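Here's the structure we're looking at; comments come further down.
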Amino acid sequence: MSGVASGPAGAAGGAGATLGVDERFGPYGGRFVPEVLIAALDELTAAWAEAREDASYRDELARLLRDFVGRPTPLYLAERLSLRLGRRVYLKREDLAHTGAHKVNNAVGQALLARRMGKRRVISETGAGQHGVAAATACALLGLECVVFMGTEDMRRQAPNVDRMRLLGAEVAAVEAGARTLKEAVSAAIRDWVTNVATSHYIIGSAVGPAPYPALVRDLQRVIGDEAREQALAAEDELPSRVIACVGGGSNAIGTFVPFLDDHGVELIGVEAGGDGLESGRHGASLSAGRTGVLHGALSSVLCDADGQILEAHSVSAGLDYPGVGPEHAHLRDIGRVRYEAVTDAEALAAFRELALLEGIIPALEPSHAIAWLLKSPREDEGYDLLTLSGRGDKDLAEVGERLGDD
Ligand SMILES: *Cc1c(COP(=O)(O)O)cnc(C)c1O
C-alpha cells in the first residue's frame, strides 16, 4: 500500500463509532496508520465530537460559511437543460462558492478546528492543486501557517495553482519521489505529520483517510445536502426522484447524499470516472471496478491488483483521478442504498460543452461526469432531479482545449 499502512492498528476498536464519530462503515474504514499517529487521531476525534456540539464553534463556522464562502449556494432550476431532458433538473451551485468549488467548506471547517485545538501549523497535500488552494485560503483567513506537499510533476502541470497557494502565503513543498504526483505527496505529508504532530493539524481534502477523517469531512460537507434538501422542498413541495453527484474521494457526494439517506423514495446516484472505459483498465472507478483493500489509512474499495498493490487511476479530470474512495461509499454500495455508475472521459467532455451552451455555466470536469450520466439516463415519472455541480470549470480550460482540439 502506499506509504501509510502498517497492519493491525486498523483492526483495533471494531466498534462502529468513537465518541459518536463514525470509525467504521460496515467492514470499511478504520485506521491503518503507524502507531505514532493513533494518539493524534484520538485527539482529533475528541476535538470534533466536542466542537460539533459547541455553539461557539458552530456559530463561527456558520458566519464564515455565510460571509466568506458565500453560502447558502443557490439551487438553480436549469430550464434549458430541463427542456433537453424532458424533466426538471435543479443544480446545486457549489461552483459559486468562494474559490470555485465545494472543497472550501471542508478546509474552513478543519482550519477552524485546528485553531481551536491550538495547532497553528497546517499540513496538507494536493494533486491538481484544488485542495491545496482551499487549504491555503482557509489558513490565510485564520492566520495559520500552511505547508502543502505536492509532487513536482503536478507542480509543473498545475503551475497556476502553485502561484495561487504562494500568493495566499502557503509554502509549497516539492516532492521528488516516485511518479512525483498525489500518492507521493500524501506519503510526504504523513511523514511530516508523524514528526510534527504536537504542533500541526493535517487537513485531508476528501472523505478518505483513517478515522475520524471520513466522518469529519462528511459532517463538514453535509451543508451541501442540508441546504439542497430544504431548497428543493421549498421549490417543489416534494423531494426529488433522483439525487446525483460525482465521486472522486467522495466528499461532495457524501455531503450531498447524507441528508437523503432515510428518504427511501429518493434514488441516490454517484458517478465515477470511467476514463477510457472500464474494459480498458484505464479509469478511476474504484467502486464500480475495484476490490477491497487499504489505501491512505483506511479499508475501502480501491484499484489494486490481486496482491493489494495500488494501481494508477486515469481520468481526464484531476479531481477524480484517484485509485481509492471514501469507506462510507463502499458501504453504501454494498447495502444497495447508493448506485454507482461510471462515465467515460469522452462523455464527460461532451457534457461539459453541452452545459456551457445550454445554461451559460462552464462546469468543472468532475461534475461534468454527473451531467453526462444524467444526459444518458432518462427517467419517466412526474418527479424531478437534483444534481450537485461541485465546481466551476475555469481550471479545466487548457485540458479541455487540448482534448476537444484532438477530436
Ligand atoms: C476535488 C473535486 C472533486 C472530487 O472530490 P470529492 O471529494 O469526490 O468531492 C469533485 N469536484 C470538484 C469541482 C473538485 O474540485
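Offset between the sequence shown (1-based) and the numbering used here: plus 7. Where a beta carbon is used, it is the ideal one built from N, C-alpha and C, also for glycine. Because the structure is a prediction, the values reported are computed rather than measured.
- Taken in chain order, the whole beta strand (DSSP E) runs of length 3 or more contained in the region 195-222 are 207-209.
- At a Cβ-Cβ threshold of 8 Å, V115 and L72 count as neighbours.
- Remark: the C-beta of P374 is in contact range of ligand 1, defined as less than 7 Å to any heavy atom.
- In this structure, the C-beta of G257 approaches ligand 1 to less than 7 Å from one of its heavy atoms.
- In the three-state reduction of the DSSP assignment, Y97 falls in the strand class.
- Counting of Cβ neighbours within 10 angstroms places P81 among the exposed residues, the total staying below 16.
- Between L98 and L396, the CB-CB gap stays under 8 Å.
- For E354, the enclosing alpha helix (DSSP H) begins and ends at D352 to E366.
- If you draw a 10 Å sphere on the C-beta of R31, you find 16 or more other C-beta atoms in it, and that means buried.
- The beta carbons of D401 and D352 sit no closer together than 8 Å.
- Three or more Cβ pairs closer than 8 Å define a contact, and the region 333-343 falls short of that threshold against the region 236-251.
- For R225, the CB contacts under 7 Å within the same chain, skipping 5 residues up- and downstream, are A214, I261, G262, V265 and E335 in chain order.
- The three-state secondary structure of I251, taken from DSSP, is strand.
- In this chain, the alpha helix (DSSP H) harbouring F264 covers S258 to F264.
- Separation of the CB atoms of S307 and V332 is rounded to 6 Å, and the pair is thereby assigned contact status at 8 Å.
- Here the region 291-298 does not lie against the region 370-378, with fewer than 3 beta-carbon pairs under 8 Å apart.
- Distances from the CA of R386 to each of V43, E361 and V96 were compared; the closest alpha carbon is that of V96.
- R346 has I276 as its beta-bridge partners, per DSSP.
- Counting of Cβ neighbours within 10 angstroms places V254 among the buried residues, the total reaching 16 or more.
- Cβ contact annotation for L68 (same chain, cutoff 8 Å, sequence separation greater than five): V115, G116 and L119, in chain order.
- Taking a cut-off of 8 Å for Cβ pairs, the region 76-90 and the region 220-236 touch, as three or more such pairs fall below it.
- Counted as a single uninterrupted DSSP element, the stretch harbouring Y83 is not any alpha helix (DSSP H) but the beta strand (DSSP E) occupying residues L82 to L84.
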